[in-house]
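First up is the structure itself, then whatever we jot down about it.
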Amino acid sequence: MKTIQDLKDIKNQKGAQVDIRFGGDAEAEKTYILCCAGTGCTSSHSQDLMANFRKLAEEAGMSDKVEIIPTGCQGLCAKGPVVVVYPGDVHYQLVTPDMAQRIWDEHIVGGTPVSEYLMKEETTSGEDIPFEESSFYNDQVRLALRNCGKIDPENIDEYIAREGYQAIAKALTEMTPDEVIQVMIDSGLRGRGGAGFPTGKKWLFASGNRGNVQKYVCCNADEGDPGAFMDRSILEGDPHSVIEAMSIAGYAIGANQGYIYVRAEYPIAIDRLEIALKQAREYGVLGKNIFGTGFDFDIDLRLGAGAFVCGEETALMTSIEGNRGEPHPRPPFPAVKGLFQSPTILNNVETYANIPQIILKGADWFNCSGTETSKGTKVFALGGKINNTGLVEVPMGATLRHVVEDIGGGVPNGKKFKAAQTGGPSGGCIPADYYDIPMDYENLSSIGCMMGSGGLIVLDEDDCMVDIAKFFLGFTVSESCGKCTPCRIGTKRMLEILEKISEGKGTMEDLDKLEELAKYIKANSLCGLGQTAPNPVLATINFFRDEYIAHIKEKRCPAGVCKALLSYTIDADKCKGCTLCARNCPAGAISGEVRGAHVIDTEKCIKCGVCMDNCKFGAIYKK
Amino acid sequence: MKVSNVPFQGTAEQEAKLIELINEHKGQKGCLMPILQGAQNIYGYLPYEVQKIISDNTGIPMEKIYGVVTFYAQFTTSPKGKCEISVCLGTACYVKGSAAILEKVEEVLGIKEGECTDDGAFSIESCRCVGACGLAPVMIVGGEVYGKITPDDVPGILAKYR
Amino acid sequence: MADIKLTVDNIEVTVPEGSTLLEAARAAGIEIPTLCFLKDINEIGACRMCVCEVEGARSLVTSCVYPVTEGMVAHTNSERVKEYRRKTLQLILSDHNQDCLGCSRSENCELQAMCKKYGVDDTQYYAGKRNESVIDDSSVSIVRDNSKCILCRRCVGACINSQGIGVIGANERGFDTYIGTAFDLPLAETSCVNCGQCITACPVGALYEKDSTAAVKAAIADPDKVVVIQPAPSVRVGLGDCFGMPLGENVEGKMIEALRRLGFDKVFDTNFGADLTIVEEATELIHRVTTGGTLPMITSCSPGWIKFCEHNYPDMIPNLSTCKSPQQMFGAVIKTYYAEKMGIPVDKIVSVSVMPCTAKKFEIGREDQSAAGVPDLDYALTTRELGRMISEAGIDFVNLPDGEYDNPLGEYTGAAVIFGATGGVMEAALRTAVEKISGKELTELNFTDVRGVEGIKEASYNVEPIGEVRVAVASGLANARKLLDMVKSGEKDYHFIEIMACPGGCVNGGGQPHVPSKVRNAVDVRAVRAQGLYDIDEACTIRKSHENPMIIKLYDEWYGEFGSEKAHHALHTSYVPRVINKDL
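Chains as they are written, first to last, in our numbering: chain A, 109 to 731; chain B, 3 to 164; chain C, 66 to 649.
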């Protein structure tokens, strides 16, 4: 059991050395090698890389002089595995396990960084710029991600060195629960899970009757949007910030039990959470009588089992209760009757990650950033057709152009930006016309889009918007819980219409029916999943109607994606008659003499594209 | 009936482990999910026999258990292959061509998504975002992650697991 | 509780706090359509038919579960809302087997009625892929046809919430969701107790009883057969529903006449069997209490309850009264005493009952129910099946004159007729047992403590010379489970327990006519029908079973004493332990 003074001692003792990684100017006692051990980099063998470093340190008898620190996601997943060496703040990219030797020899022992391996940013112009000058890190403002990638998430002392558990200490010893809630209200923090409900208000609703009724604090870590991994990165990189914030919430509303509902697909995050919970209990910052103040709070982990709808708050609670994750109508709201019929608050991971600092630094520190209605920052997971795939955190109100072009490094291969999809299956798309829209809750919803949890997928000219709409609707159809009529049957009918259109069998009446159904489903569905499921369709119809019409009237997919509408042809002038295409065609649809021009039988062609991939002369076209 | 036609081969040890797991959670609020997750870890899948043990020992109606099992994508009532293949169809992977990867895997193994090869060696499923979007498109074979792959890489990768 | 004032469709209305918008609208004389909502049984807000507009609300509200607030202004019938409801119906139809003409619920279908009401003319508007399903007719009582199912889940609510069984539920998810058993086991292989509450909950034709009318009609048409019929107490207060008569109206006379016109050779009344049950059961109770037998003794008239006990409480089988149910006792009397008395060979008798119950179809096939060496009863019809037979025969039921029972065996007491209501068997048994134990004539015949629709009722009586007699009554198997768990844990201790499988007792049985949900949600059907029975009891001159002259005669001529060996042989039965989940 640690006292508040113990925590301060740990911070005093270790703080300066940890601060080196954050620009602190203390003299380094050791060399620190930070290796990303997030999901992306682990997939690229960063564990082997770390093992190699450890072995090298041991063999050189330098284990006490060099510390190898696994961290959470550092953000630039496209360049993973990422390694950073302190002192010096030297970033390496794409470090394979066998690259450890050279870094060790030349940099750690020799003192000269390996310039070939250094992280650099590729720009749209094709010229690489050194990392120090890249906007990827320089333009970010990291609040929720402040510790991610910089501390060892499996070592509570590193979190404590970063003022960890000082916020709960402050709340417990210097603030009343009502004061905590007031700070949250004043800060203007809104839920980062999608809907953007003010966090302080949510807590206030659940704060009545403290001490007399069982209440719960839940954390939504069921990050289900395909292509979104903000919450996972926080859990992997800074799990204690979430645990601390949940304790603060527990104190504020008068709850002594918390649940973190985390996707089972996130094994590393689950491991780190389990370790963090264990350490927090050992230190007494979780459990009975925290800091001797009489406040009890503990947290249990609950794993999801692969149901997107469980990200919806009532469904999440139904799932924790051991049922099919089906939502139920509100009211009653969870703040009144939630988990196990008790008052419950639910916030998402990123929301929680902001809270300890707000308590420590005050509401004004937080609410001076962001826009009028949306305070603070937002973490986005950049994916799709973008150079710097990864995790970025920017102030609310940053423009899409800034995020994609400057921080994200633009669209690769000289292709044109077409649209950005935000909010996953519940969101819409932002077309190039709105490239300069400042992204906050209100602006995005004003164009039929939504902030969502922060997935941001960049689409280029090769992406078909009908196909994208179909992809997302296919997702919601398979993830619909099946309880209410509009979502269960309505989305299925919408998908059938989209399939018709993408096969060139749609009519203009179908398009009307699609819109009509979309509006009906939005208005009539039981929960948020159904109410937002039509958004990807409505947004694409709204901004890319001509593409739908091309599919319907001209039986043509302008982006060349919808298979049924494609045809492959061989340019007789370019064809050398090598027969490679004919030999590889799985449908036997290509005929022609050796050294003579070949022809594709469009009746037999199954449009697999194998011929085009095999042609060495660029003689085959898709249109 | 939807009872798997693969004969159940649960052992007494597995059953003892399951009973222990049930006793550990029984009576706790919302015990069913952790029990099912643990049971699937023990047996690899949740056939009739396993759900019956859970029902008999917790008093939870078997239909409720079955309803929960068939609701969540991660639970399965038929055995999976010794080597599980999972192709990510999350947005980032999808726009980078993971649908073609899945097709290729299906073609190479001659089975469809959700199925298991006759020899029990491979099973295929698709998943939604494993979070390795930087590596898109991504395929996981036997727990190993393969990123930035093309359909042409598929036969070579699978050959390693034959 | 405070009152809430609100405006619904420009009508000001005041309702108690905690009321829903649906209830407030009803108070204002406005009907909001519902499909999935069944009060207390299924309150899930799933079908979306009841969506309404509330001023200031972010989205449409689910009025069936939406609590009203002071000053609320609601619009339940705007053009927008009506258009949405039409679309909801069209979507439901797109995954619904629209073979309406051949459907058991045609003209009695809530979906059909609603489509008509909302003028759904294009029933194929959203035509698309439909879920495939097969009909499960494995059960002797219940048929499930998922092609008709609209996934309102009222059956699921009835099975798990009312009955605490849960053999059917939602499986899979999204568009693939369907109502089924675990692993799609045939219903007959599950621990389904055949109570039929799922059937009466179903708004459409996805659940119905296994039909026995064809076989019964064939028997009637066979000149060689003597077809004997016995309707149960509750049938007379339910049958009128089939012909649009007021809920709970006693139609006993018309029913007798209709049965006669249908061609049944002899028309008796299960009430006689009920009186017989009481004298046997009261005797058994007295015997157990005075000789240290297994207590509490639990009634055995309800075959749904019996099967439930065998599956879920096999260790309590010794607590069950060994008395056969009234239907089976009467069946036994017909094929033994009556056959001999009338000189009819047993194999010529076809014995039929009309029951408010689907579990009775299972009961007639049970072991140890063959006093004459052949099954005591041949066919058990439901009230609904009888209604269909009457309609088909062109009988103008509403205008029928009253008929008379055949004799002998047509006489009954007030004690018998209240068997149909929860607490009725208890009350009837007490009227006999108390008088027998104390040896004094009972003057106060109404045991009001055990009346009413409450799920669990308790009472205790001081009966000299044995002292306090503690009794309990449960209806609805979820309540039965609660009560039995308290007994098993030692928290409660009784001498005698009455359990009826269906909530409210047989009046609300799974074989009774469908009552549209809009009526069920507004009126307590159980109480209305029960009142019909208590009114008959009140009007009877003889209200104690052991005073039924024909019962006295039967024992004089045939069985000797109450509880005699001969009576035991013919009128008592045995039970078998069953598992909840079968081995494969």
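We put the CB at the ideal spot given by N, CA and C, even for glycine.
Please classify residue i as buried or exposed, where buried requires at least 16 other C-beta atoms within 10 Å of its C-beta.
i                : result
Thr220 (chain A) : exposed
Ala122 (chain C) : exposed
Ala604 (chain C) : exposed
Phe561 (chain C) : buried
Cys537 (chain A) : buried
Ile264 (chain A) : buried
Would the beta-carbon of residue i fall within 9 Å of that of residue j?
i                : j                : result
Gly303 (chain C) : Arg594 (chain C) : yes
Cys185 (chain A) : Gly40 (chain B)  : no
Thr423 (chain C) : Gly245 (chain C) : no
Glu229 (chain A) : Gly517 (chain A) : yes
His637 (chain C) : Phe627 (chain C) : no
Leu157 (chain A) : Ala208 (chain A) : yes
Cys307 (chain C) : Arg91 (chain C)  : no
Ala353 (chain A) : Ala443 (chain A) : no
Arg170 (chain C) : Ser582 (chain C) : no
Leu446 (chain C) : Gln392 (chain C) : no
Is residue i helix, strand or coil when you go by DSSP?
i                : result
Gln262 (chain C) : helix
Val487 (chain A) : strand
Ile565 (chain A) : strand
Ala635 (chain C) : helix
Asp734 (chain A) : Nothing about residue 734 (chain A) can be read from this structure; chain A reaches only from 109 to 731.
Lys684 (chain A) : coil
Val332 (chain C) : strand
Pro238 (chain A) : strand
Ala604 (chain A) : The sequence shown places Glu at residue 604 (chain A), rather than the Ala named in the question. Three-state DSSP puts Glu604 (chain A) in a helix.
Asn378 (chain A) : The residue you asked about is not Asn; residue 378 (chain A) is Ile in the sequence shown. Helix at Ile378 (chain A).
Gln295 (chain C) : strand
For chain A, is any of its Cβ atoms less than 9 Å away from the one on residue i?
i                : result
Phe124 (chain B) : no
Tyr50 (chain B)  : no
Asp241 (chain C) : yes
Pro63 (chain B)  : no
Gly468 (chain C) : no
Lys98 (chain B)  : yes
Lys66 (chain B)  : yes
Gly144 (chain B) : no
Thr93 (chain B)  : yes
Val116 (chain C) : yes
Arg113 (chain C) : yes
From the DSSP output, which residues share a beta bridge with residue i?
i                : result
Asn107 (chain C) : C:Leu103
Val192 (chain A) : A:Leu142, A:His199
Tyr543 (chain A) : Paired residues: none, contrary to the question.
Arg410 (chain A) : A:Tyr369
Gln529 (chain A) : A:Cys537, A:Ile565
Tyr444 (chain C) : C:Val417
Val116 (chain C) : C:Thr127
Answer with yes or no whether the minimum CB distance from residue i to chain B is below 9 Å.
i                : result
Lys524 (chain A) : no
Glu630 (chain C) : no
Are any of the Cβ atoms in chain C nearer than 9 Å to that of residue i?
i                : result
Thr599 (chain A) : yes
Ser57 (chain B)  : yes
- Taking a cut of 8 Å between CB atoms, which residues from the region 73 to 91 of chain B lie near chain D? Looking at the structure shown, chain D is missing, and the protein chains on hand are A, B and C.
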